[in-house]
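Peer 1:
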Amino acid sequence: MPNHNIIIGGGPTATNAVETIRQFDNGDSQITLISDEPAHSRMALPYWIAGSIPRAHTLTGNDEYFQKFATVTRIGERVASIDPPNNQVTLSDGSKLDYDNLLIATGASPLDPGIPGSDLDGVQPLWTLAHTESLLNSASVNEQPRVVLVGAGFIGFIVLNAMFKRGWQLSVVERESQVLPRMLDTGAAGFVQSWLASKNVTVHTGTSVHSIREGDDGAKVVELGNGSSIEADIVILATGIQPNLDVVAGSGIETGQGILVNDQMQTNFSNIYAGGDVAQGPVLLGDQSDMHPIQPTAVDHGRVAGANMAGHEVHYPGSLLMNVVDVCGLQTASFGAWNDADADAMTIANEPGFVYRKLLWQDDQIVGAIFAGRANDLGMLTDVGMVKGILQTQTAMGEWKKFLAANPFDMRRAYIATGVAKKLVNTTLLGKPTRGRQFQFGGAKPVVPENPSHAVFVGTKEG
Ligand SMILES: Cc1cc2nc3c(=O)[nH]c(=O)nc-3n(C[C@H](O)[C@H](O)[C@H](O)COP(=O)(O)OP(=O)(O)OC[C@H]3O[C@@H](n4cnc5c(N)ncnc54)[C@H](O)[C@@H]3O)c2cc1C
Numbered sequence: 001m002p003n004h005n006i007i008i009g010g011g012p013t014a015t016n017a018v019e020t021i022r023q024f025d026n027g028d029s030q031i032t033l034i035s036d037e038p039a040h041s042r043m044a045l046p047y048w049i050a051g052s053i054p055r056a057h058t059l060t061g062n063d064e065y066f067q068k069f070a071t072v073t074r075i076g077e078r079v080a081s082i083d084p085p086n087n088q089v090t091l092s093d094g095s096k097l098d099y100d101n102l103l104i105a106t107g108a109s110p111l112d113p114g115i116p117g118s119d120l121d122g123v124q125p126l127w128t129l130a131h132t133e134s135l136l137n138s139a140s141v142n143e144q145p146r147v148v149l150v151g152a153g154f155i156g157f158i159v160l161n162a163m164f165k166r167g168w169q170l171s172v173v174e175r176e177s178q179v180l181p182r183m184l185d186t187g188a189a190g191f192v193q194s195w196l197a198s199k200n201v202t203v204h205t206g207t208s209v210h211s212i213r214e215g216d217d218g219a220k221v222v223e224l225g226n227g228s229s230i231e232a233d234i235v236i237l238a239t240g241i242q243p244n245l246d247v248v249a250g251s252g253i254e255t256g257q258g259i260l261v262n263d264q265m266q267t268n269f270s271n272i273y274a275g276g277d278v279a280q281g282p283v284l285l286g287d288q289s290d291m292h293p294i295q296p297t298a299v300d301h302g303r304v305a306g307a308n309m310a311g312h313e314v315h316y317p318g319s320l321l322m323n324v325v326d327v328c329g330l331q332t333a334s335f336g337a338w339n340d341a342d343a344d345a346m347t348i349a350n351e352p353g354f355v356y357r358k359l360l361w362q363d364d365q366i367v368g369a370i371f372a373g374r375a376n377d378l379g380m381l382t383d384v385g386m387v388k389g390i391l392q393t394q395t396a397m398g399e400w401k402k403f404l405a406a407n408p409f410d411m412r413r414a415y416i417a418t419g420v421a422k423k424l425v426n427t428t429l430l431g432k433p434t435r436g437r438q439f440q441f442g443g444a445k446p447v448v449p450e451n452p453s454h455a456v457f458v459g460t461k462e463g
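Numbering (this note's numbering), first residue to last: 1 to 463.
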């Protein structure tokens, strides 16, 4: 009998694991993917909210795709429990399946903030396909619905941006004293708040939602701890997420904040792997394992787990914390140890121009960064990518630290001179060049124009 790989989940960790297993085992195993939702990308949901794409474009696999990867799917089903000694999972309907290798890619779910009134119609989180459907239904009643976003974090602001594009009337409530408290320092957050004010998005910081009640004509009244209240048609609860650990309860699979994995994505049972939002794994900057519930980490985890499940030993160097958000036209990003109080900081802040950038250094190495700037500030946008590359390659900048202190907008010279682009081009996660995803909506292929200057710039061309 060929090995049986069972994958629980249908997000990016799961689909990348399927493709990677097939990249290395040439079809020489059985794969079963069990997911209660169809395979899709949560990252695409905001584009559906904004009206840029239909629901179908959020899907990341269909029957034809899974057949191509000889993968049996059980969509709409849940795994209820795992029995490691017997290498068996039990589904919600009581049926059992045996596995040789198991990948737990169950993701995360929104935290319930326990606010009285959060069960009212039109009050909801925004995390799943069903949540998106229900938001769009609630919004369809009104040309420009009034929406209160509870929680000014990374995901909340991604959703805020999508609703802004629709022209909805927006207010934000954040318990902490600034927006994006786990992504930006107070300086950059101040820029974001002035920007939002200029876009007629009302921000209430330093106060939490006390309760939500029915008002007149079906409207909701959001009562704040500071005594004020806001009328809304829709309330979005975005107060954080928690990993979906229920499936490992009582199994003996070790957990910390998430399922603990080593650099091969293995749990304390060597044939049970975990990855993505549910996993706590190695990080690039630091020795402590951590949770980085973002898409790039989910993709990496899925690939590393898939390769190891297929018998191709790969060790993960660790995930890099990176958050990039378009806040209603103001681009913001932070990377790595952006809030390291012990690091040397180089900061530029031009409030009227909405230019903010901060590089954090340990000796001559950049360990973190924060950016905010207008969407048409192309210099900033390319610098964001270059700083990410510098962090990923953990390149010591040597003399270029001094240069950057004197020329803070000239990242490109330092990036090229220290050979970062070349290092990146020669780095692969799996020891082989990464393949593009093998699913395109409607079979459409991305068009990548031939561009010889790219090769010169990244240093792959001789001479
Ligand atoms: C609106 C939104 C926008 C986002 N935008 C960004 C962004 O711009 N950049 C970024 O980096 N990240 C973004 N994220 C976060 C990103 O989507 C997640 O980090 C990523 O989806 C995690 O992938 P995953 O495979 O671990 O889990 P998920 O994508 O959550 O997939 C897990 C799947 O497993 C299923 N499942 C769970 N338990 C079981 C079970 N017991 N049995 C069967 N199936 C089960 C779940 O229903 C789910 O379908 C966004 C998230 C949201 C909600």
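Glycine included, C-beta positions come from ideal geometry on N, C-alpha and C.
Please report the straight-line C-alpha distance between VAL172 and THR132, rounded to a whole angstrom.
Peer 2: Against the sequence shown, residue 172 aligns to sequence position 172. Against the sequence shown, residue 132 aligns to sequence position 132. Going from the Cα of VAL172 to the Cα of THR132 covers about 19 Å.
Peer 1: With three or more C-beta pairs closer than 8 Å as the rule, is the stretch 40–59 touching the stretch 419–434?
Peer 2: With the cut-off at 8 Å, the stretch 419–434 and the stretch 40–59 do not touch.
Peer 1: Quick check on the burial criterion: 16 or more other C-beta atoms within 10 angstroms. Buried or exposed for LEU359?
Peer 2: To locate residue 359, count along the sequence shown from 1; it is residue 359. Buried, since its Cβ has 16 or more Cβ neighbours within 10 Å.
Peer 1: Please report how far the alpha carbon of ALA421 lies from the alpha carbon of GLN362, in whole angstroms.
Peer 2: The residue labelled residue 421 in the question sits at position 421 within the sequence shown. The residue labelled residue 362 in the question sits at position 362 within the sequence shown. Roughly 21 Å between the two C-alpha positions.
Peer 1: Let me check one thing: in DSSP terms, what residues is ALA345 bridge-paired to?
Peer 2: Here residue 345 corresponds to residue number 345 of the sequence shown, with the count starting at 1. DSSP lists LEU360 as partners of ALA345.
Peer 1: Apply the 10 Å Cβ neighbour rule to SER29 and answer buried if 16 or more other Cβ atoms are within range, or exposed otherwise.
Peer 2: In the sequence shown, residue 29 corresponds to position 29, counting from 1. Counting Cβ neighbours within 10 Å, SER29 comes out buried, since at least 16 surround it.
Peer 1: With DSSP collapsed to three states, give me the class of HIS301.
Peer 2: Residue numbering aside, residue 301 sits at position 301 when the sequence shown is read from its first letter. Helix, per DSSP.
Peer 1: Determine the closest residue to ARG42 out of TYR65, THR20, GLY9 and GLN23, with distance taken between C-alpha atoms.
Peer 2: Taking the first residue of the sequence shown as position 1, residue 42 is located at position 42. Answer by Cα proximity: GLY9.
Peer 1: Where does ARG146 fall in DSSP's three states?
Peer 2: Working through the sequence shown from its first residue, we reach residue 146 at position 146. The answer is strand: DSSP assigns ARG146 an E or B state.
Peer 1: Do GLY275 and MET291 have their C-beta atoms closer together than 8 Å?
Peer 2: The residue labelled residue 275 in the question sits at position 275 within the sequence shown. The residue labelled residue 291 in the question sits at position 291 within the sequence shown. Contact: no.
Peer 1: First and last residue of the alpha helix (DSSP H) that includes THR382?
Peer 2: One-based indexing of the sequence shown puts residue 382 at position 382. Residues 378–393.
Peer 1: If ALA105 and ILE259 are in contact, beta carbons under 8 Å, what's the gap, nearest whole angstrom?
Peer 2: What you label residue 105 is simply residue 105 of the sequence shown in a count that begins at 1. What you label residue 259 is simply residue 259 of the sequence shown in a count that begins at 1. Rounded, the Cβ-Cβ distance is 10 Å, inconsistent with contact.
Peer 1: Just to confirm my understanding: we take PHE441, look at its own chain, exclude 5 residues before and 5 after, and list those with CB closer than 8 Å. What are they?
Peer 2: Sequence index remark: in the sequence shown, residue 441 carries index 441 (1-based). ALA56, HIS57 and LEU59, listed in sequence order.
Peer 1: Apply the 10 Å Cβ neighbour rule to MET1 and answer buried if 16 or more other Cβ atoms are within range, or exposed otherwise.
Peer 2: For the purposes of this step, residue 1 is identified with residue 1 of the sequence shown, where counting begins at 1. MET1 should be labelled exposed.
Peer 1: If I measure Cβ to Cβ from GLN280 and keep anything under 6 Å in the same chain, skipping five residues before and after, which residues do I get?
Peer 2: Taking the first residue of the sequence shown as 1, we reach residue 280 at position 280. The residues are GLY256, GLN257, GLY258, LEU260, SER289 and MET291.
Peer 1: Using 7 Å as the cut-off, classify the Cβ of ALA108 as near or not near the heavy atoms of ligand 1, replying yes or no.
Peer 2: Against the sequence shown, residue 108 aligns to sequence position 108. Result yes, Cβ under 7 Å from ligand 1.
Peer 1: Is the stretch 403–418 in contact with the stretch 290–305, if contact means three or more CB pairs nearer than 8 Å?
Peer 2: As far as the Cβ criterion goes, the stretch 403–418 does not touch the stretch 290–305, which means the pair count is below three.
Peer 1: Is GLU37 near ligand 1, judged by its Cβ being under 7 Å from some heavy atom?
Peer 2: Translated into the one-based positions of the sequence shown, residue 37 becomes position 37. For ligand 1, at least one heavy atom lies less than 7 Å from the Cβ of GLU37.
Peer 1: Whose C-alpha, out of ASN5, TRP338, VAL150 and GLY311, is nearest the C-alpha of GLY225?
Peer 2: Within the sequence shown, numbered from 1, the residue matching residue 225 stands at position 225. Checked all of ASN5, TRP338, VAL150 and GLY311; the closest Cα to GLY225 is VAL150.
Peer 1: So which of GLN178, VAL384, HIS312 and TRP400 has the shortest CA-CA distance to PHE24?
Peer 2: Position 24 of the sequence shown, counted from the first residue, corresponds to residue 24. Closest option to PHE24, Cα to Cα, is HIS312.
Peer 1: Taking ILE115 and ILE212 to be in contact with their CB atoms under 8 Å, please state how far apart those CB atoms are, rounded to whole angstroms.
Peer 2: Reading the sequence shown from its first residue, position 115 is the one you call residue 115. Reading the sequence shown from its first residue, position 212 is the one you call residue 212. ILE115 to ILE212, Cβ: 6 Å. Contact.
Peer 1: Which residues does DSSP pair with LEU396 in a beta bridge?
Peer 2: Position 396 of the sequence shown, counting from 1, holds the residue named residue 396. Here residue 396 is Ala; the residue named in the question, Leu, does not match the sequence. Paired residue(s): GLN365.
Peer 1: Give the DSSP-derived three-state secondary structure of ASP277 in the structure shown.
Peer 2: As a working mapping, residue 277 is identified with position 277 in the sequence shown. It is helical.
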